[in-house]
């Protein structure tokens, strides 16, 4: 099975701007791409998953650097990013929209681009589609149970969440750091994630995620001509530092392992659902 | 040149407005076809007998024999009959009609074209976007059946469509992952996202089916995966 989908090349990178790195999850690639886009005019509006009340994720159209920075960081709960796509074009009047989403959301926006039944004059306004690596997501109340019941931190006090080293990490605003083993979070996963065969956002222009690169760096797949042109613009502007993916630890081998494990496990779930007569996306 | 006709039954002209909303692409479309009938765009009184593609907009008033005859005639005259827009595809807001409207108070029963005659393709949407109308016409001209397959399916099975599809076919089947495509696509804003799932305001839903057509968890044609 092809673990990554088609791509032109992969690299390891991080944002050169320290302010971005401080606020973002790993290498700050999405924030760096968005900020570069807004500052250079490649983009005039971007979709972000903003932090709502009590650390819930809320999709938002951002048009300034401050808005991008305040939304930086992974939320691990559903943020219906496509739901504000038409607002970006209609209400904000954006012509060059940047989009970021999980692999399923990237599939969704690709469907919209190919079959735009209800998206009048939106397809030609999408300038960049970024995807983030994703194993599964949690419904908000699932995340809340993990954070409040298992980690003993109130949602209103959460500063950051993270997944790494086999654990789910919660950082509170007051400096507490709590963890729970990743396998103990499985019962709270969104069940609909288990039909998804895509770990690395295979249909994005540019996909990124922490896995495969050292701490503070991100792995990036450049997949399309559009993604390559955008990446080159970022490289030329010096907004990202780059390392050869073959020179970094743990490298693409780990990404491959995780991508394949998602495909294996969810492939079995799909076969099971089919066997008992449940529908699958076709 | 491929002969195309645009015919209207019970509809608001919105689909035609959407077709003309393709701006400069409209010229490409019109340049690529021979528009043999369109009440608004061409000065022709009768739909000719031998038409390659008929785009039929609107639902069929089954109290009106003229509407039924037009639907049947279009079926006979067209090589490819396209139910254009949600009224023709799935009934849309005409599903709610209960008559009493001046000057035809007895007209109280409307069915989508797909339920009255066999249609080859159905394009939902109220109205369908200009982009999708152009894409379907272009694919039909090129004989790109892979692209058209979902529209052929809707012509066969899509006459019951509304926000309930999201509940019955996606949420109830544990398929919804909360992308929000449905909410953005809904022309009446009847779909909002609550706790990462669509919530449908049935007072506002007009049964256009756009939400479920746009959902990647119901239908995800393989050709979408071809990116460059």
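Residue numbers (my numbering), protein chains in the order written: chain A, 55 to 336; chain B, 42 to 269. Here a beta-carbon is modelled for each residue, glycine too, at the ideal position from N, C-alpha and C.
**Q.** Per-residue DSSP class, three states only, for residue 191(A)
**A.** coil
Q. Could one say the Cβ of residue 324(A) lies closer than 7 Å to chain B's Cβ atoms, at least one of them?
A. By this cut-off, residue 324(A) is not an interface position.
**Q.** Separation of residue 96(B) from residue 257(A), as counted between CA atoms
**A.** Taking the straight line joining both Cα atoms gives about 33 Å.
**Q.** Selection from 149(B), 118(B), 55(B) that minimises the alpha carbon distance to residue 101(B)
**A.** 149(B)
Q) Among 204(B), 151(B), 268(B), 235(B), which residue has its Cα nearest to the Cα of residue 139(B)? A) 151(B)
Q.
With three or more beta-carbon pairs closer than 8 Å as the criterion, would you say the stretch 204-224 of chain A touches the stretch 286-299 of chain A?
A. In short, these stretches do not touch, since the Cβ pair count stays below three.
(Q) Given a cut-off of 7 Å on the beta-carbon distance, is the pair residue 194(A) and residue 213(A) in contact? (A) no
Q) Distance, Cα to Cα, residue 196(A) vs residue 257(B)? A) Taking the straight line joining both Cα atoms gives about 24 Å.
**Q.** Buried or exposed by the 16-neighbour rule on C-beta atoms within 10 Å, applied to residue 38(A)
**A.** For residue 38(A) there is no data in the structure shown, the boundaries of chain A being 55 and 336.
Q. Can you name the residues of chain B whose CB is closer than 9 Å to the CB of residue 320(A)?
A. None at all; the shortest Cβ gap to chain B is about 12 Å.
Q: Quickly, what does DSSP pair residue 104(A) with across the bridge? List them, please.
A: 112(A)
Q: Report, in whole angstroms, the separation of the C-beta atoms of residue 260(A) and residue 281(A), which I expect to be a contact under 8 Å.
A: 4 Å
Q. First and last residue of the alpha helix (DSSP H) that includes residue 161(A)?
A. 157-168
**Q.** residue 92(B) vs residue 159(B) beta-carbon contact at 7 Å
**A.** no
Q: Mind listing, in chain order, the continuous beta strand (DSSP E) runs of no fewer than 3 residues lying wholly within the stretch 200-248 of chain B?
A: The qualifying runs are 232-235, 238-241.
**Q.** Residue(s) in a DSSP beta bridge with residue 98(B)
**A.** Residue 98(B) pairs with 49(B), 125(B).
Q. Does any CB atom of chain A fall closer than 7 Å to the CB of residue 166(B)?
A. yes
(Q) Given this structure, state the Cα-to-Cα distance separating residue 166(A) from residue 166(B), to the nearest angstrom. (A) 13 Å
Q. Chain A partners of residue 214(B), CB-CB under 7 Å?
A. 332, 333
Q: Kindly give me the distance between the Cβ atoms of residue 255(A) and residue 186(A), rounded to whole angstroms, as I take these residues to be in contact under 8 Å.
A: 6 Å
Q | Three-pair Cβ contact test at 8 Å for the stretch 243-250 of chain B versus the stretch 199-208 of chain B | A | yes
**Q.** Check whether residue 127(B) and residue 98(B) have beta carbons under 7 Å apart
**A.** no
Q) Can you name the residues of chain B whose CB is closer than 7 Å to the CB of residue 166(A)? A) One finds 222, 255 in chain B with Cβ atoms closer than 7 Å to the Cβ of residue 166(A), taken in chain order.
Q: Kindly indicate which three-state DSSP category residue 174(A) falls into: helix, strand or coil?
A: coil
Q: Determine, using beta carbons only, whether residue 57(A) comes closer than 7 Å to chain B.
A: no
Q.
With a threshold of 7 Å between beta carbons, is residue 136(B) in contact with chain A?
A. no
Q: Have a look at 158(A), 103(A), 228(A), 136(A) and flag the residue whose alpha-carbon is nearest the alpha-carbon of residue 247(A).
A: 158(A)
Q | Collapsed DSSP secondary structure at residue 128(A) in the structure displayed | A | coil
Q. When we look at the beta-carbon of residue 213(B) and count the other beta-carbons within 10 Å, is it buried (16 or more) or exposed?
A. exposed
Q: Tell me where the alpha helix (DSSP H) around residue 146(A) begins and ends.
A: Careful: residue 146(A) lies outside any alpha helix (DSSP H) and carries neither H nor E.
Q.
Here's the rule: buried if 16 or more other CB atoms are within 10 angstroms of the residue's CB, otherwise exposed. What is residue 189(A)?
A. Residue 189(A) comes out buried.
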